[in-house]
Amino acid sequence: MTSSATTPSPATPGLARFNAVPEAEAAAVLHEVCASSAWGRALLAQRPFASADDLLAASDAAMAGLTVPDLEQAMAGHPPIGRPKPGDPTSSREQRGMAGASDELKAEMLELNLAYQDRFGHVFLICATGLTGEQMRDAVKTRIGNSPEQERDIVRTELGKINRIRLTRLLEEGTA
Numbered sequence: 001m002t003s004s005a006t007t008p009s010p011a012t013p014g015l016a017r018f019n020a021v022p023e024a025e026a027a028a029v030l031h032e033v034c035a036s037s038a039w040g041r042a043l044l045a046q047r048p049f050a051s052a053d054d055l056l057a058a059s060d061a062a063m064a065g066l067t068v069p070d071l072e073q074a075m076a077g078h079p080p081i082g083r084p085k086p087g088d089p090t091s092s093r094e095q096r097g098m099a100g101a102s103d104e105l106k107a108e109m110l111e112l113n114l115a116y117q118d119r120f121g122h123v124f125l126i127c128a129t130g131l132t133g134e135q136m137r138d139a140v141k142t143r144i145g146n147s148p149e150q151e152r153d154i155v156r157t158e159l160g161k162i163n164r165i166r167l168t169r170l171l172e173e174g175t176a
């Protein structure tokens, strides 16, 4: 999963800051990245990180170890596609592909989001960064036919991608 688009250089000032902040502040920062408290605790327990790659690897390992309730907690921190949290630049940036969508597409996404939520009991979660509204719509249409187990595996992967993007942004810019 390592690429220049998702991995900052090993010795970023952001990593030094993250390693140095008090635990409560680091916990709050990690909660902004991922709402799973188990994920956050796993990363906090490994501070300080020697490199950004170590932090990202710890994130991946923590994500792989989340239980179903932990995944549910993580998903609860994400707004539905097409309805970013008001005043939240992170969800607005990540869902940018829906910003210019037609009213028709937005209405279709609302309908699909509700159907998905009825089927699986949680929001449709996808790493929306760089995707168009149409790509997100097509993904929900495809995934709604999955079994709950298949969907849980996909959600875990998508959350991992989102966490990597947010952690990288944190290390490079100081914001998730």
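Quick note: the sequence shown, position 93, residue 93 per full-length UniProt numbering, numbers continuous. Note that CB positions come from ideal geometry on N, CA and C, so glycine has one too. These figures come from a predicted structure and were not determined experimentally.
- Query: Between Pro13, Leu43, Thr12, which lies nearest to Ala27 when the distance is taken from Cα to Cα?
  - Reply: Reading the sequence shown from its first residue, position 27 is the one you call residue 27. The candidate whose alpha carbon is nearest that of Ala27 is Leu43.
- Item | Distance between Gly77 and Ser4 (C-alpha atoms, nearest Å) | The sequence position of residue 4 within the sequence shown is 4, counting from 1. The sequence position of residue 77 within the sequence shown is 77, counting from 1. Because Ser4 carries a pLDDT of 39, less than 50, the predicted location of this residue cannot be relied on, and no value is offered for it.
- Query: Taking Leu125 as the reference, which of Gly40, Ser59, Arg41, Asp153 has the closest Cα?
  - Reply: For the purposes of this step, residue 125 is taken as residue 125 along the sequence shown, with counting starting at 1. The shortest Cα separation from Leu125 among Gly40, Ser59, Arg41, Asp153 belongs to Asp153.
- With a threshold of 16 other CB atoms inside 10 Å of the CB of Ala158, please say whether the residue is buried or exposed. On the sequence shown, residue 158 is found 158 positions in, with the first residue counted as 1. The residue asked about is misnamed: residue 158 is Glu in this sequence, not Ala. Buried.
- Which runs of the alpha helix (DSSP H), 4 residues or longer, sit entirely within the region 57–121? 68–76, 89–94, 96–99, 103–120
- Query: What's the C-alpha gap between Thr12 and Leu171?
  - Reply: For the purposes of this step, residue 12 is taken as the residue at position 12 of the sequence shown. For the purposes of this step, residue 171 is taken as the residue at position 171 of the sequence shown. Rounded to the nearest angstrom, the two C-alpha atoms are 6 Å apart.
- Whose C-beta lies closer than 8 Å to the C-beta of Glu108 among residues of the same chain, with five residues either side of it excluded? On the sequence shown, residue 108 is found 108 positions in, with the first residue counted as 1. Around Glu108: Arg137.
- Query: If you draw a straight line from the alpha carbon of Asp53 to that of Arg169, how long is it in whole angstroms?
  - Reply: The residue you call residue 53 lines up with position 53 of the sequence shown. The residue you call residue 169 lines up with position 169 of the sequence shown. Near 13 Å, if we compare the C-alpha coordinates of Arg169 and Asp53.
- Message: Quick check: the region 33–40 against the region 64–75, are at least 3 beta-carbon pairs closer than 8 Å?
- Response: Output reads yes: the region 33–40 touches the region 64–75.
- Just to confirm, are Met63 and Gly160 a CB contact at a threshold of 8 Å? As a working note, residue 63 is residue 63 in the sequence shown. As a working note, residue 160 is residue 160 in the sequence shown. The answer is yes: Cβ separation under 8 Å.
- Go ahead and label Asn19 buried or exposed: buried means 16 or more other beta carbons lie within 10 angstroms of its beta carbon, across all protein chains shown. Here the question's residue 19 lines up with position 19 in the sequence shown. So Asn19 ends up on the exposed side.
- Task: Please state if the CB of Gly100 and the CB of Gln135 are separated by a distance shorter than 8 Å.
- Result: For the purposes of this step, residue 135 is taken as residue 135 along the sequence shown, with counting starting at 1. For the purposes of this step, residue 100 is taken as residue 100 along the sequence shown, with counting starting at 1. No Cβ-Cβ contact shorter than 8 Å links Gln135 with Gly100.
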